[in-house]
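Engineer: Take a look at this one; I'll ask things after.
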Amino acid sequence: MSAAEATRLDHGDEAGGLETLRQGLRVSPELARGWWITGLLALTMTAGRIVVPIAVQQTIDKGLSGPGGPDMSFVAWMCVVCFGGVLITAVASYFTTVRLATNSERGLATMRIKAFRHVHDLPVLTQSTERRGALVSRVTSDVDTVSQFLQFGGFIFLVSLGQMLLATVVMFVYSWQLALVVLVCFIPLFASLRFLQARMSAAYGVVRAKVGEMLSAIAEPVVGAQVVRAYAIERRTQQRIDASIEEFRRTSTRAQAITGITFSIGGLAAGLANAGVLTAGVLLGVDGHATLGEILAFMFLVALFSDPVQIATQVLTDAQSAFAGWRRVLGVIATPADVVDPGADGVTQDRGPITIEFDGVDFAYPEGELVLRDVSVRLEPHRRVAVVGETGSGKTTFAKLLTRLMDPTSGAVLLDGVDAREIAFSSLRERVVMVPQDGYLFDSSLADNVRFGRPEVTDAQLLAAFESLGLTDWLESLPDGLDSPVGQRGESLSAGERQLVALVRANIADPDLLVLDEATSAVDPGTEVRVNAALERLMAGRTSVIIAHRLSTAEAADEILVFDDGRVVERGPHVELVTAGGVYSQLHDSWIAQRSAG
Numbered sequence: 001m002s003a004a005e006a007t008r009l010d011h012g013d014e015a016g017g018l019e020t021l022r023q024g025l026r027v028s029p030e031l032a033r034g035w036w037i038t039g040l041l042a043l044t045m046t047a048g049r050i051v052v053p054i055a056v057q058q059t060i061d062k063g064l065s066g067p068g069g070p071d072m073s074f075v076a077w078m079c080v081v082c083f084g085g086v087l088i089t090a091v092a093s094y095f096t097t098v099r100l101a102t103n104s105e106r107g108l109a110t111m112r113i114k115a116f117r118h119v120h121d122l123p124v125l126t127q128s129t130e131r132r133g134a135l136v137s138r139v140t141s142d143v144d145t146v147s148q149f150l151q152f153g154g155f156i157f158l159v160s161l162g163q164m165l166l167a168t169v170v171m172f173v174y175s176w177q178l179a180l181v182v183l184v185c186f187i188p189l190f191a192s193l194r195f196l197q198a199r200m201s202a203a204y205g206v207v208r209a210k211v212g213e214m215l216s217a218i219a220e221p222v223v224g225a226q227v228v229r230a231y232a233i234e235r236r237t238q239q240r241i242d243a244s245i246e247e248f249r250r251t252s253t254r255a256q257a258i259t260g261i262t263f264s265i266g267g268l269a270a271g272l273a274n275a276g277v278l279t280a281g282v283l284l285g286v287d288g289h290a291t292l293g294e295i296l297a298f299m300f301l302v303a304l305f306s307d308p309v310q311i312a313t314q315v316l317t318d319a320q321s322a323f324a325g326w327r328r329v330l331g332v333i334a335t336p337a338d339v340v341d342p343g344a345d346g347v348t349q350d351r352g353p354i355t356i357e358f359d360g361v362d363f364a365y366p367e368g369e370l371v372l373r374d375v376s377v378r379l380e381p382h383r384r385v386a387v388v389g390e391t392g393s394g395k396t397t398f399a400k401l402l403t404r405l406m407d408p409t410s411g412a413v414l415l416d417g418v419d420a421r422e423i424a425f426s427s428l429r430e431r432v433v434m435v436p437q438d439g440y441l442f443d444s445s446l447a448d449n450v451r452f453g454r455p456e457v458t459d460a461q462l463l464a465a466f467e468s469l470g471l472t473d474w475l476e477s478l479p480d481g482l483d484s485p486v487g488q489r490g491e492s493l494s495a496g497e498r499q500l501v502a503l504v505r506a507n508i509a510d511p512d513l514l515v516l517d518e519a520t521s522a523v524d525p526g527t528e529v530r531v532n533a534a535l536e537r538l539m540a541g542r543t544s545v546i547i548a549h550r551l552s553t554a555e556a557a558d559e560i561l562v563f564d565d566g567r568v569v570e571r572g573p574h575v576e577l578v579t580a581g582g583v584y585s586q587l588h589d590s591w592i593a594q595r596s597a598g
């Protein structure tokens, strides 16, 4: 598998049915637990159904048409047998359904857990390029499709298979000639199923993909509803949603059209089988090779054989959709993580002042050009370092490598002389914390969001964290203080207030290295002064790396790293770099000109 393929979620979408089943059972072994008990229950249920046509044949040929005349006691006994068969079928059906439902829910719960856990381990490139609606569809809608099939389709499949096999055996016992007539009539159906299976699988694979695209098209304007309204693009957005829904309808209709062919052939085969048995049965009866009871029993058996075959066409349809969804879920789980936690084998570092070193670091996205080139820098403890450069120069990649959201293509990132890849995540995340431009908030209380990384923190400690950043007055201005709801994505707060929460969250984490992706660039003017003051307090006494999108941020740094085309081309304090007349000086002059023009 190439590096690019490793970041794709669809690299397993072409797997066949058996391979998908094998992979699925490996991921969710609960699905196959006690399979022989479930199979035995299904056979018992089928045997109960087969008892009825046999009892009918015996009633007619021996109970009503025997040599000594009608034998009502025998007829009564056959009625008891029929009732027993129906009762056995009902009881076995109940336990088969319960076992299938229990095993499938346990197995799919395991699959959901593994899929959701693995989403956080997916390569950063995959997370950023895969549509969120499509990714959510893989671990929700697709799993639900598999669940419905395993519970209901699996039940029908087991019963139908057992019923067909037992009905075939009993038909051959009664009359091999009539049994052959039935099988010959169903040959066209079996051939068509074989021919259409690959086409159905491909068609329903496209359907499942379109479901993800449709959910993504619907989800994005819901999340960005304010932007949609602000720019009056409701009609264009609705047209995009309508087009996505229409595309899903087309693909679904094409898939159902293939299914319709199998239904038609199945109905034709069942009709031919009934007509053939009736005709051949009469001819055999005239010659004395078949009794009336046997012919009637055969008609029952044909129904028991043909009904599952016809139902199987619908099961096959559901199976194609379910297996397409199953492959998509397995595709998420099978996508290898690009950043692996060494776990118990990793190094646990002591807390304290931290030294950072990039040693000959190169980085490139899969099958892409180098984003960072031979970066070698050393950052001393307690320093405030700003990273500047044009868009695409490698600033953000530098930050992601520093926080180990990604690993270098070559070279190493060292924390206190230890390769970051060898440090246990638990230790690394304690020492290094990143505050993004727009801190994500969850739909919960302010307190829950602040203590998100450290749930054991008490309310008293939270209040102390707000106080240490000079934010007590802001906290007290909120209606419910720590219990104030922030809404989905923090919509109850302004952009600046969301950033304040992110800073307090980082303060609670108390890292040795603080990485800031220009924490004030998206802040509203009314809160910027408060954010800057809190930021100064947060950075005091600890190593800080600031990805500066505005040079005003860089001016206050102890040292500035200037990136250009993936390389560190300049390094030093603000005054020194401005007078040097290099890349930073040009950036500074451009920024001054823009500020003057504004």
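Position 290 of the sequence shown, counting from 1, maps to 290 under the UniProt record's numbering, and the rest follow consecutively. The C-beta atom is built at its ideal place from N, Cα and C for all residues, glycine as well.
Which residue comes first and which comes last in the beta strand (DSSP E) that contains S544?
Structural biologist: For the purposes of this step, residue 544 is taken as residue 544 along the sequence shown, with counting starting at 1. Here the beta strand (DSSP E) through S544 covers T543 to I547.
Engineer: From the DSSP output, read off the bridge partner residues of V578.
Structural biologist: Reading the sequence shown from its first residue, position 578 is the one you call residue 578. BP columns for V578 are empty, so no partner.
Engineer: Ignore the nearest five residues each way along the sequence and tell me which others in V578's own chain have a CB closer than 8 Å to its CB.
Structural biologist: Against the sequence shown, residue 578 aligns to sequence position 578. Excluding sequence neighbours, V578 sits near Y584, S585 and H588.
Engineer: Look at the Cβ atom of R240, then the Cβ atom of A217, and state whether they are nearer than 8 Å.
Structural biologist: As a first step, residue 240 must be located in the sequence shown, where it is residue number 240. As a first step, residue 217 must be located in the sequence shown, where it is residue number 217. Cβ atoms of R240 and A217: closer than 8 Å.
Engineer: If I follow the unbroken alpha helix (DSSP H) through A386, where does it start and stop?
Structural biologist: Mapped onto the sequence shown, residue 386 falls at position 386. No alpha helix (DSSP H) holds A386; the beta strand (DSSP E) holding it covers R384 to G389.
Engineer: If you draw a straight line from the alpha carbon of L101 to that of G39, how long is it in whole angstroms?
Structural biologist: Position 101 of the sequence shown holds residue 101. Position 39 of the sequence shown holds residue 39. Inspection of the sequence shows that residue 101 is occupied by Ala rather than by Leu. Using only the alpha carbons, I get a separation of about 14 Å.
Engineer: Less than 6 Å between C-beta atoms, sequence neighbours within five positions excluded: which residues of the same chain meet that for G392?
Structural biologist: Position 392 of the sequence shown, counted from the start, is the residue given in the question as residue 392. Here the set comprises nothing.
Engineer: Measuring alpha carbon to alpha carbon, tell me which residue in A55, M72 and D71 is nearest G84.
Structural biologist: As a first step, residue 84 must be located in the sequence shown, where it is residue number 84. Among A55, M72 and D71, the Cα nearest to that of G84 belongs to A55.
Engineer: Reducing DSSP to helix, strand and coil, say where V450 ends up.
Structural biologist: For the purposes of this step, residue 450 is taken as the residue at position 450 of the sequence shown. V450 falls in the helix class under three-state DSSP.
Engineer: Under DSSP, the alpha helix (DSSP H) around R498 begins and ends at which residues?
Structural biologist: Against the sequence shown, residue 498 aligns to sequence position 498. Going by DSSP, R498 is part of the alpha helix (DSSP H) stretching over A495 to A509.
Engineer: Checking the sheet assignment: what are the DSSP bridge partners for G572?
Structural biologist: Taking the first residue of the sequence shown as position 1, residue 572 is located at position 572. Answer is I560.
Engineer: Going by the DSSP bridge assignment, what does E456 pair with across the sheet?
Structural biologist: Stepping through the sequence shown from its first residue, residue 456 is reached at position 456. Beta-bridge pairing links E456 to no other residue.
Engineer: Beta-carbon within less than 6 Å of L582's beta-carbon, same chain only, minus the 5 sequence neighbours each way: which residues are those?
Structural biologist: For the purposes of this step, residue 582 is identified with residue 582 of the sequence shown, where counting begins at 1. Looking at the sequence shown, residue 582 is not Leu but Gly. E570.
Engineer: At the level of alpha carbons, what is the spacing between I258 and L150?
Structural biologist: Here residue 258 corresponds to residue number 258 of the sequence shown, with the count starting at 1. Here residue 150 corresponds to residue number 150 of the sequence shown, with the count starting at 1. Rounded to whole angstroms, I258 to L150 spans 22 Å at the Cα level.
Engineer: Three-state secondary structure (DSSP) at R249?
Structural biologist: In the sequence shown, residue 249 corresponds to position 249, counting from 1. Here R249 sits in helix by DSSP.
Engineer: Only counting the same chain, and skipping five residues up and downstream in sequence, which positions put a Cβ closer than 7 Å to that of V504?
Structural biologist: Against the sequence shown, residue 504 aligns to sequence position 504. Correct list, in chain order: V450, A465, F466, L469 and L471.
Engineer: Who are V207's beta bridge partners in DSSP?
Structural biologist: Numbered from its first residue, the sequence shown carries residue 207 at position 207. Its beta-bridge partners do not exist; DSSP assigns none.
Engineer: Identify whether T20 lies in helix, strand or coil by the three-state DSSP scheme.
Structural biologist: Within the sequence shown, the letter at position 20 stands for residue 20. Of the three classes helix, strand and coil, the one that applies to T20 here is helix, per DSSP.
Engineer: Out of curiosity, what's the CA-to-CA distance linking V339 and I245?
Structural biologist: Taking the first residue of the sequence shown as position 1, residue 339 is located at position 339. Taking the first residue of the sequence shown as position 1, residue 245 is located at position 245. Roughly 36 Å separates the two Cα atoms.
Engineer: Would you mind working out which of A548, E559 and Q57 sits nearest residue 608, comparing C-alpha positions?
Structural biologist: The structure shown does not extend to residue 608, since the chain spans only 1 to 598, so no value can be given for it.
Engineer: For V315 and F157, which I take to be in contact (beta-carbon distance under 8 Å), what is that distance rounded to the nearest angstrom?
Structural biologist: As a working mapping, residue 315 is identified with position 315 in the sequence shown. As a working mapping, residue 157 is identified with position 157 in the sequence shown. That belief holds up - the Cβ atoms of V315 and F157 are roughly 6 Å apart, short of 8 Å.
Engineer: Based on DSSP bridge pairs, tell me the residues matched to S445.
Structural biologist: As a first step, residue 445 must be located in the sequence shown, where it is residue number 445. Looking at the DSSP assignment, S445 forms a beta bridge with P485.
Engineer: Can you list, in chain order, the residues of its chain whose CB lies under 8 Å from that of S410, leaving out five sequence neighbours each side?
Structural biologist: Taking the sequence shown and counting its residues from 1, the one referred to as residue 410 is at position 410. Once the five neighbours on either side are set aside, the close Cβ partners of S410 are G360, V361 and D362.
Engineer: Is E357 helix, strand or coil by DSSP?
Structural biologist: Taking the sequence shown and counting its residues from 1, one reaches residue 357 at position 357. E357 falls in the strand class under three-state DSSP.
Engineer: Under the DSSP definition of a beta bridge, which residues are partnered with L513?
Structural biologist: Here residue 513 refers to the residue found at position 513 when the sequence shown is read from its first residue. For L513, which the question treats as bridged, DSSP gives the partners V432 and T543.
Engineer: Looking only at DSSP bridge pairs, what is F149 linked to?
Structural biologist: If you number the sequence shown from 1, residue 149 lands on position 149. Answer is none; F149 lacks a bridge partner.
Engineer: Let me check one thing: in DSSP terms, what residues is S410 bridge-paired to?
Structural biologist: Residue 410 sits at position 410 when you count from the first residue of the sequence shown. Its beta-bridge partners are D362.
Engineer: Looking at the unbroken beta strand (DSSP E) that takes in L469, where does it start and where does it end?
Structural biologist: Here residue 469 corresponds to residue number 469 of the sequence shown, with the count starting at 1. Per DSSP, L469 belongs to no beta strand (DSSP E) and is neither H nor E.
Engineer: What does the alpha-carbon distance come out to for the pair L301 and A273?
Structural biologist: Position 301 of the sequence shown, counted from the first residue, corresponds to residue 301. Position 273 of the sequence shown, counted from the first residue, corresponds to residue 273. Rounded to whole angstroms, the gap between the alpha carbons of L301 and A273 is 11 Å.
Engineer: Specify the secondary structure class of N103 as computed by DSSP and reduced to three states.
Structural biologist: Within the sequence shown, numbered from 1, the residue matching residue 103 stands at position 103. Three-state result, N103: helix.
Engineer: How many Å lie between I295 and V91 at the Cα?
Structural biologist: If you number the sequence shown from 1, residue 295 lands on position 295. If you number the sequence shown from 1, residue 91 lands on position 91. Their Cα atoms are separated by approximately 29 Å.
Engineer: My output table needs one value for S376: the three-state DSSP class, helix, strand or coil.
Structural biologist: For this step, residue 376 is matched to residue 376 along the sequence shown. Note: S376 maps to strand in three-state DSSP.
Engineer: Thinking V347 and V418 are a contact (beta carbons under 8 Å), I'd like their distance in whole angstroms, please.
Structural biologist: In the sequence shown, residue 347 corresponds to position 347, counting from 1. In the sequence shown, residue 418 corresponds to position 418, counting from 1. Yes, V347 and V418 are in contact; Cβ-Cβ is about 5 Å, under 8 Å.
Engineer: To the nearest angstrom, how far is the alpha carbon of D345 from that of V545?
Structural biologist: For the purposes of this step, residue 345 is identified with residue 345 of the sequence shown, where counting begins at 1. For the purposes of this step, residue 545 is identified with residue 545 of the sequence shown, where counting begins at 1. Spanning the two alpha carbons is a distance of roughly 28 Å.
Engineer: Name the residue from A495, Q349 and S445 whose alpha carbon lies nearest to the alpha carbon of G487.
Structural biologist: Looking up residue 487 in the sequence shown gives position 487. Answer by Cα proximity: S445.
Engineer: Evaluate contact between the region 316 to 331 and the region 371 to 391, counting only Cβ atoms and requiring at least three cross-stretch pairs below 8 Å.
Structural biologist: no
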